[in-house]
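First comes the structure, then the notes that go with it.
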Amino acid sequence: MNRRQILLTLGGGVAAGVVGCSGGGTEETETAASPPLGGIYFWSNIAADAGPVDVDLTVEKNGSQVFETTYEFDGEETRKLYDTNWLGEAVPYTVTLASDAHDEPTTVSSTDFDLQGLDDDCWTLFVMFDSSQFSPGAWLTCTPESRPTTVDD
């Protein structure tokens, strides 16, 4: 058998071994609930001389709007949103962020992140932003000891 035939045979065997596996897992993992959202944390990296920027925040829990507010950021600041009555359930959360400084709103969902390997029983959405973009991410913990200590209430 020449080298090309060997590679074709091996490639066919591998393809046959994964047929039907591209769906991403069993039905159990597909229907598993999202871990509870424990909080939302903001870092503003907007230049101090840029002036204040209002950021509109809308939160949906399991498809229904549960929170809406506007935060004003002036330069490099942090804000947190923890300990509210609508946080902490194992359902999908969707967060939409918008401001005049950004061209389009940014929407993120708990399903956008790989939340496997949580260090805690919930997770924290963090959003870093400047005058050009929102950059969301996830902390795999939400215990008070793990939260940054330089947070404004």
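If you're matching positions, the sequence shown starts at 20 in this note's numbering and goes up one per residue. C-beta atoms are modelled at their ideal positions from N, C-alpha and C, and glycine is treated no differently.
Excluding sequence positions up to five before and after Pro155, its CB lies within less than 6 Å of the CB of Val127, Val146, all in the same chain and listed in chain order. Per the C-alpha coordinates, the member of Trp158, Pro71, Ile65, Thr77 positioned closest to Asp149 is Ile65. Taking all protein chains shown into account, Ser63 has 16 or more neighbouring C-beta atoms within 10 Å of its C-beta and is therefore buried. The Cβ-Cβ distance between Glu108 and Pro55 falls below 8 Å.
Collapsing the DSSP output to three states places Ala120 in coil. For Glu91, the enclosing beta strand (DSSP E) begins and ends at 83–92. For Ile59, the closest alpha carbon among the candidates Ser118, Asp122, Gly70, Glu87 is that of Glu87. One Cα belongs to Ser53, the other to Asp133, and the distance between them is close to 10 Å. With respect to the 8 Å criterion, Val72 and Ala117 are not classified as neighbours on the basis of their beta carbons. In the structure shown, Asp68 falls within a helical segment according to DSSP collapsed to helix, strand and coil. For Thr89, the CB contacts under 8 Å within the same chain, skipping 5 residues up- and downstream, are Asp73, Val74, Asp75, Leu76 in chain order. Judged by DSSP in its simplified three-state form, Ser129 adopts helix. When only Cα atoms are considered, Asp122 and Leu106 end up about 29 Å apart. For Ser154, the uninterrupted beta strand (DSSP E) segment begins and ends at 153–158. Distances from the alpha-carbon of Gln135 to those of Thr115, Ala157, Ser151 put Ala157 closest.
Residues Thr115, Leu116, Ala117 of the same chain have their beta carbon placed closer than 7 Å to that of Pro124, with the five preceding and five following residues left out of the count.
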